[in-house]
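Listed in order, the protein sequences are those of chains A and B. Offset between the first sequence (1-based) and my numbering: plus 30. Offset between the second sequence (1-based) and my numbering: plus 30. Below is one structure; the comments refer to it alone.
2 protein chains.
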Amino acid sequence: MSATIKDIAEYLNISPGTVSRALNGKGRIGESTRRKVYEVAEKLKYVPNEIARSLKMKKTSTIGVIIPDATNIFYSIMLKSIDKSLLKKGYNILFCDSDENIERETEYFELLKGKNVDGMIIVTSGENSIYKDEETLSNIVFVDNIPAIDRDFSYVTIDNMKAAYDLTQLVIDNGHKDIAVVCADLSETTGYDRLEGFKKCIKDNGIEYNPDKIYKGSFRYQTGYEAAGKILKGKKYPTTIFAQNNVQAYGVVKRLSESSINIPDDISIVCFDAIDQTGMMSPKLTSVMQPVEEIGERAVKCILDNIDNDDTELEVSRNILGYKINLGKSLKRI
Amino acid sequence: MSATIKDIAEYLNISPGTVSRALNGKGRIGESTRRKVYEVAEKLKYVPNEIARSLKMKKTSTIGVIIPDATNIFYSIMLKSIDKSLLKKGYNILFCDSDENIERETEYFELLKGKNVDGMIIVTSGENSIYKDEETLSNIVFVDNIPAIDRDFSYVTIDNMKAAYDLTQLVIDNGHKDIAVVCADLSETTGYDRLEGFKKCIKDNGIEYNPDKIYKGSFRYQTGYEAAGKILKGKKYPTTIFAQNNVQAYGVVKRLSESSINIPDDISIVCFDAIDQTGMMSPKLTSVMQPVEEIGERAVKCILDNIDNDDTELEVSRNILGYKINLGKSLKRI
DNA sequence: ATGAAAGCGCTAACAG
DNA sequence: CTGTTAGCGCTTTCAT
């Protein structure tokens, strides 16, 4: 075990309190003792025990982060952005990958509470009664996919409905009328909102809504892959497939290419968040791009503001950021 | 603040010790009190304070993980694998992205010590005196890129020299003699070993080693991109570029494609860890594939074994796993 | 400027 | 079976 404040105190024949003050530079402290304390601390390789400090201070300088899938580049960029922003302020991440599993998310949530994190940044995964009954959501900020519950909470997201509307409009402007949608579970607000935006847009453009063209599943690769499979079984292909996230889109592309369907010549594809850091993905997907790094930064700002503001009115912070549409090469003008 | 053991105790007019035992099911405890304690705990929404418990038990059930870049799919898969394995055993990850920066890594390392993690899984980033002078490395397992220090420590990695040798042999077997290498800093053992493997292989094949064909930098995209740029300035192109990791390779591909160099018709590319979960990367890179998930699992096993074995001989655990070579489509037979 | 003492919430002897 | 006590390492009044 490493040296403690008490060890330093005994070594110098002074009291632990004095050592603590010397180390933290708080309260009146003699310059000479202060120096001595530092010397001995060095000598004894003293490392402050943050656990003890946390217990006393009721502050862990740790933020819990729950994301659905660290291997999805969208979330890994977000994670990195959060980490970077937090480090600047002296905080750390207690990392949780829920694997898009609500049970696992719940488990992690309880765990994070027990570990007394100062706050949480959560990307939820679907239908959850968890957050409905929580006493307070005041030190939580929800990000991207926010919970569909009827109460106030802080969040950072984009206007998914509008983004889906815009994307759909782009598709229609390119001459498409027959559009299939790969859709997540509607308990996910992003899934719901993106579908609503789509519906509203086609309606505004006089295109009839056909539920048969909505392929529901999750936000996973498999959902996109299987949806494309079903689409290919139909007699007439849609001219565009709208995937609600990046991973679904990859699944669609995979399935289509297995059947030698050319994108976008045979079928166009549009989606959300088709980030390509490698520059090697082909074709370049036409996609709504959320400002993912900024989302991470804002979430951190949001949570830390809340912590700093202490017990002053716990007001929720609602952040709706802008987005862009990356034109890519997967939408054909017809 | 949430309810404590003391609150439950007072509520029931029993002692905190009894409540603790009831909750933990340790020691003799009456079935009736036990039930009552549970009821009241529920009623008061008791959440055990893990910080206090940690302080007492000298155990945080938290493992520090330092990786160079969460947005590199190789590391994000590893991270997820570690998280999954740890959760099963009731541990959590304190996550640190060093951004391939040794100062940041050092900072995180100190921080993790202070936070009393029970162990660490570290992918180091280059030259570091940090680990040389540590009193003990016994609760650390190094992964992938292990530190180049002359002392014992636990690790999980592959035989990088042999893997590079095999990859080079494959290149040579395909008729190539003029091979350029995109190389990380040699203070990184993976960089060093992979270069050594390359050198040994060409030597064994009677090909002369030409230092001018080694393009040194870091493991970053930029290094690959710039190396390719320099290569294209030469009068005669190598027939193959060997990149030491995936990200470098992406940079190479990017730069080559900007100059409309066809891969592999004009220049072949081989590398390490060209993982493609999307299935959309083109061309498919010929690449050594480390068993990244298994590396994560093994690292977890390694660290937990060490923790469980307590103070019995702290023996280091050396794990060298197997690898595969993914043939891909970026190596041309000439 | 420093010491003494209490206490954060929990667990683990040791009594009874 | 349960109460009491001490203490994990630290900070922070309150004295001196």
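Note that CB positions come from ideal geometry on N, CA and C, so glycine has one too.
| query | result |
| --- | --- |
| Cβ distance (whole Å) where A:Tyr267 is taken to contact A:Ile261 below 8 angstroms | 6 angstroms |
| Three-way DSSP call (helix, strand, coil) for B:Thr136 in this model | helix |
| Cβ-Cβ distance between A:Ile176 and A:Tyr161 below 7 angstroms | no |
| Residues from the stretch 142-159 of chain B in contact with chain A, defined by Cβ distance under 9 angstroms | Leu142, Lys143, Gly144, Lys145, Asn146 |
| Members of the stretch 63-80 of chain B near chain A, C-beta cut-off 8 angstroms | Lys75, Val77, Pro78, Asn79, Glu80 |
| Anticipated Cβ contact below 8 angstroms, A:Gly247 with A:Ala214, distance rounded | 7 angstroms |
| Residue burial classification, B:Tyr353 (beta-carbon count within 10 angstroms, cutoff 16) | buried |
| Residue range of the unbroken beta strand (DSSP E) whose run includes B:Leu351 | 348-351 |
| Test item: CB-CB of B:Ala258 and B:Val282 under 7 angstroms | yes |
| First through last residue of the alpha helix (DSSP H) which encompasses A:Thr63 | 61-73 |
| Cβ-Cβ separation, B:Val95 to B:Ile123 (assumed contact under 8 angstroms), whole Å | 5 angstroms |
| Reduced DSSP secondary structure (H/G/I, E/B, other) of A:Phe3 | Coverage of chain A is limited to positions 31 through 364, which leaves residue 3 of chain A absent and any answer about it impossible. |
| Alpha carbon of B:Lys314 to alpha carbon of B:Ser298, nearest angstrom | 11 angstroms |
| Spatial neighbours of B:Asp199 in its chain, beta-carbon cut-off 6 angstroms, leaving aside the 5 residues before and after | At residue 199 of chain B the sequence reads Gln, which differs from the Asp that was named. Cβ within range, chain order: Cys231. |
| Beta-carbon proximity check, B:Glu323 vs B:Ser111, cutoff 7 angstroms | yes |
| Expected contact under 8 angstroms - CB spacing of A:Arg51 and A:Gly57 to nearest Å | 5 angstroms |
| The stretch 105-131 of chain B: positions lying closer than 8 angstroms to chain A by Cβ | Ser106, Ile107, Leu109, Lys110, Asp113, Lys114, Leu117, Asn122, Ile123, Leu124, Phe125, Cys126, Asp127, Asp129 |
| Chain B within 7 angstroms of A:Ala257, Cβ atoms only | no |
| Beta-carbon contacts of B:Asp234 that lie in its chain and below 6 angstroms, excluding the five residues immediately before and after | none |
| Beta carbon of A:Asn146 nearer than 7 angstroms to that of B:Ile81 | yes |
| Same chain, Cβ closer than 6 angstroms to B:Ala194, neighbours up to 5 away in sequence not counted | Arg224, Gly227, Phe228 |
| For A:Lys118, the three-state DSSP class (helix, strand or coil) | helix |
| Residues sharing a beta bridge with A:Gly149, DSSP | A:Ile93 |
| Expected contact under 8 angstroms - CB spacing of A:Leu216 and A:Val300 to nearest Å | With 8 angstroms as the limit, A:Leu216 and A:Val300 do not qualify as a contact, their Cβ atoms being about 20 angstroms apart. |
| B:Pro241 classed as buried or exposed, judged by whether at least 16 other C-beta atoms fall within 10 angstroms | exposed |
| Closer than 7 angstroms to chain B by CB, A:Ile87 | Going by the sequence as given, residue 87 of chain A is Met instead of Ile. No, A:Met87 lies away from the interface with chain B (no Cβ there is under 7 angstroms from its Cβ). |
| Residues that DSSP places opposite B:Lys354 in a beta bridge | B:Met319 |
| Beta-carbon spacing of A:Met319, B:Met310 below 7 angstroms | no |
| 3 or more residues per run - each beta strand (DSSP E) lying fully within the stretch 203-271 of chain A | 209-213, 244-246 |
| Rounded separation between B:Thr166 and B:Val330 - CA only | 19 angstroms |
| Cα-Cα separation, B:Asn54 to A:Asn43 | 40 angstroms |
| Proximal residues of chain A, C-beta to C-beta of B:Val47 below 7 angstroms | With the sequence shown as reference, residue 47 of chain B is identified as Gly, and Val is not the correct amino acid for it. In chain order: nothing, as chain A lies at least about 19 angstroms away. |
| Min CB distance A:Val283 to chain B below 7 angstroms | yes |
| In DSSP terms, what B:Leu124 is bridged to | A:Leu124, B:Gly94 |
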